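Peer 1:
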Amino acid sequence: MSLILAIESSCDDTSAAVLRDDRLLSNVIASQKVHEQYGGVVPELASRAHQQNIVPVVDTALSRAGINAHDLDAVAFTRGPGLLGSLLVGVSFAKCFALSLGIPLIEVNHLQAHVLSHFIRQDDEYEPPRFPLLCLLVSGGHTQIILLHSHFEMELIGQTIDDAAGEAIDKAAKIMDLGYPGGPIIDRLAKEGNPDAYQFATPNIAGFDYSFSGIKTSFLYFLRDQLKEDPDFIEHHKADLCASIQKCIVSFLLKKFEKAALKYRVRQVAIAGGVSANSTLRAGVLALGEKHHWKAYVPTMQFCTDNAAMVGIAGYYKYLKGDFADISLPPYTR
Ligand code: KG4
Ligand code: ZN
């Protein structure tokens, strides 16, 4: 039996979680509202907010789990990739905490943690995925198709050659002046719109790689032309625009993912990362599962965007292997 405290601070969410083996006991997330007025994450402000949040967030995670810090067996932390100033807060806190308790440290890669979130056991009935598992990791910083042979044997099958899917969605929202982060706003507005109202070109990229910068440019130029005719074009067609750009990006994501799953003959598929909160992507992956008789995993909402529970599950599997980190390890940004 193991009790692990996990810390996540790679970007703009300060989070702490407690797991007993692969069971989640608590998962506390403090999101930073300060960035909204700037239309994106401001690294210096993020790191300051982490400093303010980290102690209360850990304290709440321990008390919600009903755990005394002295009962912990290890501290897992996100080592990277992420913003250096943000990572430093979580990494330093984890080191001090583990050192003061005399327990081991476990370093976790943020992207592996997103993928492994599907192995968190929330109830007795839950059946975690089996291997091989094909995972589409889609966040604000990454778009990757990953083939898992085991928990930590992850093979990169394809990835974006420019923007990440989440970045493209956020930029589309920015062009329409919808607010930040744009993903959830577009998702909500799209529900009222016609996804076939407008078409945007998707690029022809070889293999299982993606590219999103062209879609963004095509969206930008389309709007520029329309705005010449009708200065209120965005306001008049907001829902249709959201539904159409969302469909374009999600269909592109799913088309390649389906091809990859067929090529690698997997029967277990999953999505992970912030964009996996998207309602059409979730429905699309479940539909693929039905069509091909694959078991399709979509993460619980609290595990889509950044959270420490996923760091905890990755930490647990490393704990089983005795894979502990040295106190001198620095964070990495890429
Ligand atoms: O994984 P994440 O929280 O942070 C990174 O590691 O990047 O992902 C954040 C991204 C943002 O681009 C955000 O707009 C997107 O996830 N996102 C969504 C939705 N919720 C969050 N995109 C589309 N639909 C959503 N419902
Ligand atoms: Zn993330």
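Quick note on numbering: the sequence shown equals residues -16 to 317 in the numbering used here. C-beta atoms are modelled at their ideal positions from N, C-alpha and C, and glycine is treated no differently. For clarity, every value in this text was computed on a predicted model and none was experimentally measured.
Looking at the strands, I want to know which residues DSSP matches up with I(-13).
Peer 2: DSSP output for I(-13) lists L2 and A57 as bridge partner(s).
Peer 1: Consult DSSP for Q15 and reduce its assignment to one of helix, strand or coil.
Peer 2: Note: Q15 maps to coil in three-state DSSP.
Peer 1: From F60, P64, S69 and Q95, pick the residue whose C-alpha is nearest to that of K78; which is it?
Peer 2: Nearest option by C-alpha distance: F60.
Peer 1: For P115 and A243, what's the separation of their Cα atoms in angstroms?
Peer 2: Between P115 and A243, the C-alpha separation is close to 13 Å.
Peer 1: May I ask you to list the residues that DSSP assigns as paired with R104?
Peer 2: Paired residue(s): R6.
Peer 1: With 16 other CB atoms within 10 Å as the buried threshold, where does Y331 fall?
Peer 2: An answer regarding residue 331 cannot be provided, because it is not within the stretch -16 to 317 covered by the chain.
Peer 1: So, G165 versus K154, is the Cβ gap smaller than 9 Å?
Peer 2: Closer than 9 Å, so yes.
Peer 1: Listed by chain order, which residues have C-beta atoms less than 5 Å from any heavy atom of the ligand ZN?
Peer 2: Output, sorted by chain position: S122 and D289.
Peer 1: I want to check one thing, is the minimum distance from the CB of L161 to the heavy atoms of the ligand KG4 below 8 Å?
Peer 2: Not so, every heavy atom of the ligand KG4 lies at least 8 Å from the Cβ.
Peer 1: On the DSSP bridge list, what partners appear for I310?
Peer 2: Answer is none; I310 lacks a bridge partner.
Peer 1: Can the beta-carbon of A253 be found less than 9 Å from the beta-carbon of H101?
Peer 2: Their beta carbons are under 9 Å apart, which means A253 touches H101 by this criterion.
Peer 1: Does the count of Cβ pairs from the region 245 to 261 and the region 209 to 222 closer than 8 Å reach three?
Peer 2: The region 245 to 261 vs the region 209 to 222: no contact.
Peer 1: Give the DSSP bridge partners of M137, in chain order.
Peer 2: DSSP, once it has assigned bridges, lists L131 as partnering M137.
Peer 1: Can you give, in chain order, each stretch of the beta strand (DSSP E) that sits fully within the region 271 to 302 and has at least 3 residues?
Peer 2: Whole beta strand (DSSP E) segments, 3+ residues: 278 to 280.
Peer 1: Based on the DSSP secondary-structure assignment, which residues constitute the bridge partners of T143?
Peer 2: DSSP lists Y193 as partners of T143.
Peer 1: Sorry if obvious, but does the Cβ on E27 come closer than 8 Å to a heavy atom of the ligand KG4?
Peer 2: The answer is no for E27.
Peer 1: Could you tell me whether the Cβ atoms of I37 and I152 are closer together than 9 Å?
Peer 2: Against a cut-off of 9 Å, the Cβ pair of I152 and I37 comes out as no contact.
Peer 1: Would the beta-carbon of G165 be found less than 8 Å away from any heavy atom of the ligand KG4?
Peer 2: Checking the Cβ of G165 against the ligand KG4 gives yes.
Peer 1: Drop a sphere of 10 angstroms on the beta-carbon of G141, count the other beta-carbons inside from all chains shown, and report buried for 16 or more, exposed for fewer.
Peer 2: Buried, by the Cβ-count rule.
Peer 1: How is L66 classed by DSSP in three states: helix, strand or coil?
Peer 2: Coil at L66, not helix or strand.
Peer 1: What does DSSP give as the partner residue(s) for V252 in the beta ladder?
Peer 2: For V252, which the question treats as bridged, DSSP gives the partners L117 and A279.
Peer 1: How is the beta strand (DSSP E) around E90 delimited, first residue to last?
Peer 2: L88 to N92 is the span of the beta strand (DSSP E), which, as asked, contains E90.
Peer 1: Is the CB of N51 under 9 Å away from at least one CB in chain C?
Peer 2: The question asks about chain C, but that chain is absent: this structure has only one protein chain.
Peer 1: Measuring only from the beta carbon, is H276 closer than 8 Å to any heavy atom that is part of the ligand KG4?
Peer 2: Because no heavy atom of the ligand KG4 lies under 8 Å away, the Cβ of H276 does not count as near it: no.
Peer 1: Please identify the residue among D(-4), H97 and S75 whose C-alpha is closest to the C-alpha of L120.
Peer 2: Cα-wise, what sits closest to L120 is H97.
Peer 1: Cα-Cα, which of G123, R3 and V41 is closest to Y300?
Peer 2: Measuring from the Cα of Y300, the nearest candidate turns out to be R3.
Peer 1: Starting from the N-terminal side, write out each stretch of the alpha helix (DSSP H) that is 4 residues or longer and does not extend beyond the region 157 to 230.
Peer 2: As far as the region 157 to 230 is concerned, its whole alpha helix (DSSP H) runs of at least 4 residues are 165 to 173 and 196 to 212.
Peer 1: Measure the alpha-carbon distance for N261 versus M137 and round it to whole angstroms.
Peer 2: Each residue's Cα considered, the two are about 24 Å apart.
Peer 1: Taking DSSP as the reference, what is the three-state secondary structure of D(-4)?
Peer 2: Three-state DSSP puts D(-4) in a strand.
Peer 1: Count the other CB atoms, across all protein chains shown, that sit within 10 Å of the CB of I169; report buried if there are 16 or more and exposed otherwise.
Peer 2: Classification of I169: buried, given that the 10 Å Cβ count is 16 or more.
Peer 1: For M293, count the other beta carbons within 10 Å of its own beta carbon; 16 or more makes it buried, fewer makes it exposed. Which is it?
Peer 2: Looking at its Cβ environment, which holds 16 or more other Cβ atoms inside 10 Å, M293 is buried.
Peer 1: I need the DSSP call for T316, collapsed to helix, strand or coil.
Peer 2: Three-state DSSP puts T316 in coil, outside helix and strand.
Peer 1: Taking just the CA atoms, how far does D213 sit from A226?
Peer 2: When rounded, the distance between both Cα atoms is 20 Å.
Peer 1: F286 to S201, Cα distance in whole Å?
Peer 2: Approximately 32 Å between the Cα atoms of the pair.
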